[in-house]
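Right, one structure below, let's go through it.
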Ligand SMILES: Nc1ncnc2c1ncn2[C@@H]1O[C@H](COP(=O)(O)OP(=O)(O)O)[C@@H](O)[C@H]1O
Ligand SMILES: [Mg+2]
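Chains as they are written, first to last, in this note's numbering: chain A, 1 to 442; chain B, 1001 to 1255.
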C-alpha cells in the first residue's frame, strides 16, 4: 500500500517534471528517463521480504511525500562560505543547493583541457550523447529500484572527464548542501566520471545539511576507469537527523586501472549505500573502505558487490562501524569471482564496535566463487571496547570518557590513514572527534 | 604513605586476598614475593583500581585518603603507578600520544598547564635514556609488536615521565635478560627518592640483587605469611616457597 502510494507520488512528480521540459521532451535522454520510470512502476520498491533489503525498513522513507526542488532554494545561500564544509586548498568545486547547481558558489577556475568538470544539466543540453554513453554502462541489467528512480529524474549533477595521461590534478569537490527545510525535497544527483587511460583523479562527494528537516537524497555515481587510470572517490556524509539517503556507486575498471571508494558516514537518519564494482580486465584493482558512526536512532546500511570478471585482479575491502546509542548498522559484502577470473586475490573485512548496550549491527559476507585458483579471505567481528585497554589508559590518569574516545578513535582512524589527501584526513579526524564528543559511550 | 589493613578481595566469587596487611612509608622499597597464583597481581590490581576485583573487607589508606574510594584515574593523578605484569597493546594509539595524554591529564588534575609538544618531547628524550629505549618505539602503537623486554622498559619509561609517588612494579623482571634487567633496575633506582616509595612484586630473588629492598614480604595464598629484611629473600631462594607455605600462622607486619 505504502509502496503504491509512494510510486504514485513519484509518478506525479515525474509528470510535473516532464511538463517543465519543453523541447527536451523528445530527446533520447528523456526517453531513457521515461523508460526508467516505467520500469520502476513495474518493479516497485523493495520490502523487508527482499533478501537484499531485509535489515532496512523503508516504510518511513516511502511514507514521506517529497517535492522536487524548484530552481530557487528556500534558503538564501549566497552568504554561505563553502570553505566552511571542507577546506582543502586548491581544487575544483561544484556546489549544489537542494540538488540544484549553484554556479555562483562554485569554482571551476583551475579546470584545464585535461580536466573537464561540468554541471550535468548543461551537458544534457549540449552533449546528450555523452551523457547516454556514460549512464547505465555498469549494471544495466540489474539496476536497483532506487537507481531507476534516479534514472527517471536524472538532470542535476556533474560530469568529470579526465583526459588521457592527465595526472597531478587538483581534486574535484562536489558539495551537496541541503537546506533541510519544512518541505521534504527529492534530491537526485547523478555523477558521471570518465578517467581516460593513464590518468589519475581524486573526487570528493560531500553531503551536508544545514537544517534539521526531512529530505531524500537519491544519488548515483558511475565511474568509467580506463586502462591504467586511477580514480580515488571519497564520499562524506554529514546529513541531517531526518534525512534519508539511498545511493549507489558503480564503477567499471579496465586493465591495470584502479578505483578506490572511501566512505565516511556521520549523518542521515537512514542510509543505504550500494557499491557495485566490476574488475573488467586483467590486473585491475579496487579498494572499498568505509567508516560509519551512527548515533541516536540512525540506521546505516552498506551493501557492496565486487565482481571479479577477469583474472589477476585484486580487491581489498575494509568496513568499520562504530555504533552509539540505539543505532543500527548493516554490512553485506558480496564477492563474485567469475569462472574466468583465475588468480583473483580478494580480501574483505568488516569490524564493528558497539559503544552502547542498545546498538546493533548485522554483518553478512557473501561469496560466489566460480573459479578454482583464487585467494579469498573475509572476516567479520562485532565487539566492545577492550576492558584491559580501558584500565591501562585510566591507570595512567586518563579520565574514563577520554579513555573511551582514545580507543574509539584508534579504531576509526585506520580508515582515515588510507585517504591520500592530507587536508581531507584532517577534516575527517575532526569529524570523528566531533562525533565522539557528541555521543555518549556507555 | 600506604597502609593496607585486613584486605580481602574476590574475583568471580573466589576469594583471592584473605586479609593482607602492609605498611609502606615514603623513601622505602618493599618487595612482595610469593609463588604463582598467590595473589600478587591481584593485590597490585586492587591498589590500581581494577574493577574486576571485589573488595569484601578491609581498607587501604593512601596519603591519608581512603584509596578504595578513588577511580583508577584519580589514583594515577594522586601519584599511584602500576607497572603491569602484562602491559596492554593498544593498536592505533601511538606511544607518544599516549604518554602525552597521560602526563597532561595528571598535570590538569593538579591545575598545571598542559605541556606543549616541544617541552614534552624534550622530557621524553631525557627519560628514554634512563631505560635505553629505542627512539622508534615512541611512534609505534602502544606496546604493539614490542618484545617482552621492550614492553617492560616502556612501563618504566611511563613511570619516569609520570613521576609517581607510589610505584608498584608487578614482575617487571620477568622475561628480561640480565642486561635488560640491569637497565630496568638502574632506572627504578634512579627514580627512587626520599619522597616516593616502591613496591616490587617478584617471583624471583634475582631482581633484588639490583633493587635492594628495605622490607621483604612473603605472600602465600592471599596472606602475607612472613616479613623481614632483604635476607629473607635469600632465605626464600634457598628454601623455596614450600618452606613459606608451611608457615601456617600469618604474621603481623611490623615494618
Ligand atoms: N580474572 C580472573 N578471573 C578468575 N580468576 C582469577 C583472575 N585473575 C586472577 N585469578 C586467580 O586468582 C589467583 C591469584 O592470581 P594472581 O593475583 O594473578 O597471582 P600471582 O600474581 O601471585 O601469580 C589465581 O588463582 C588466579 O587463577
Ligand atoms: Mg602475577
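All C-beta atoms in this analysis are idealised placements derived from N, C-alpha and C, irrespective of residue type, glycine included.
Relative to ligand 1, even the nearest heavy atom lies 7 Å or more away from the CB of residue 1046/B.
Checking the 7 Å criterion, the Cβ of residue 1220/B is out of range of every heavy atom belonging to ligand 1. Straight through space, the alpha carbons of residue 433/A and residue 1210/B are spaced by roughly 45 Å.
Rounded to the nearest whole angstrom, the C-alpha separation of residue 153/A and residue 247/A is 14 Å.
Listed by position along chain A, the residues whose Cβ is nearer than 9 Å to that of residue 1158/B are 396. Residue 1143/B places its beta carbon less than 8 Å from that of residue 1089/B. Between residue 1007/B and residue 1017/B, the C-beta gap is smaller than 8 Å, which places the two residues in contact.
Spanning the alpha carbons of residue 262/A and residue 274/A requires a straight line of approximately 13 Å. Taking 8 Å as the CB threshold, residue 319/A stays off the interface with chain B.
Bounds of the beta strand (DSSP E) holding residue 258/A are 258-265.
Within the same chain, 1173, 1181, 1185 and 1200 come within 7 Å of residue 1207/B by CB-CB distance, once the 5 residues on both sides are set aside. In the DSSP assignment, residue 1056/B falls within the unbroken beta strand (DSSP E) covering 1054-1062. Where residue 1215/B is concerned, there is no enclosing alpha helix (DSSP H), although the beta strand (DSSP E) around it starts and stops at 1215-1220. Residue 196/A is positioned such that its CB atom lies closer than 8 Å to that of residue 162/A. In this chain, the beta strand (DSSP E) harbouring residue 363/A covers 360-369.
The distance from the Cβ of residue 346/A to that of residue 303/A is about 16 Å, inconsistent with a contact at the 8 Å cut-off. Residue 368/A is a Cβ neighbour of residue 336/A, given a cutoff of 8 Å.
In this structure, residue 1018/B has its CB at a distance of at least 7 Å from all heavy atoms of ligand 1. Setting aside the 5 residues that flank it on each side, residue 10/A has no residue in the same chain whose C-beta is closer than 6 Å to its C-beta. Assigned with DSSP and collapsed to three states, residue 293/A falls in coil, not helix or strand. According to DSSP, residue pairing for residue 349/A in a beta bridge involves 318/A and 379/A. With the criterion set as a beta carbon lying under 8 Å from some beta carbon of chain A, the members of the stretch 1062-1077 of chain B are 1071, 1072, 1073, 1075, 1076 and 1077, in sequence order. Ranking 332/A, 356/A and 319/A by CA distance to the CA of residue 295/A puts 356/A first. In this structure, residue 265/A and residue 213/A do not form a Cβ contact; the two beta carbons are roughly 20 Å apart against a cut-off of 8 Å.
Residue 100/A holds the alpha-carbon nearest to the alpha-carbon of residue 155/A among 100/A, 279/A, 242/A and 342/A. Counting of Cβ neighbours within 10 angstroms places residue 1170/B among the buried residues, the total reaching 16 or more. The residues 260 and 316, in chain order, have a CB closer than 6 Å to that of residue 287/A in the same chain once the five nearest residues on each side in sequence are set aside. Along the stretch 412-434 of chain A, the positions whose C-beta sits under 8 Å from a C-beta of chain B are 413 and 414, read in chain order. For the pair of segments examined, the stretch 1089-1101 of chain B was found to touch the stretch 1114-1125 of chain B: the number of CB pairs separated by less than 8 Å reaches three. The C-alpha of residue 331/A is placed about 11 Å away from the C-alpha of residue 52/A.
Neighbours of residue 389/A in chain B, taken as residues whose beta carbon is under 7 Å from its own, are 1088 and 1090 in chain order.
The Cβ atoms of residue 1191/B and residue 1233/B lie no closer than 8 Å to each other. Secondary structure of residue 1042/B (DSSP, three-state): helix. No Cβ of chain B is located within less than 8 Å of the beta carbon of residue 380/A.
Relative to the Cα of residue 359/A, the nearest Cα in the group 325/A, 370/A, 378/A and 82/A belongs to 325/A. Taken atom to atom, the span from the alpha-carbon of residue 1203/B to that of residue 54/A is near 57 Å.
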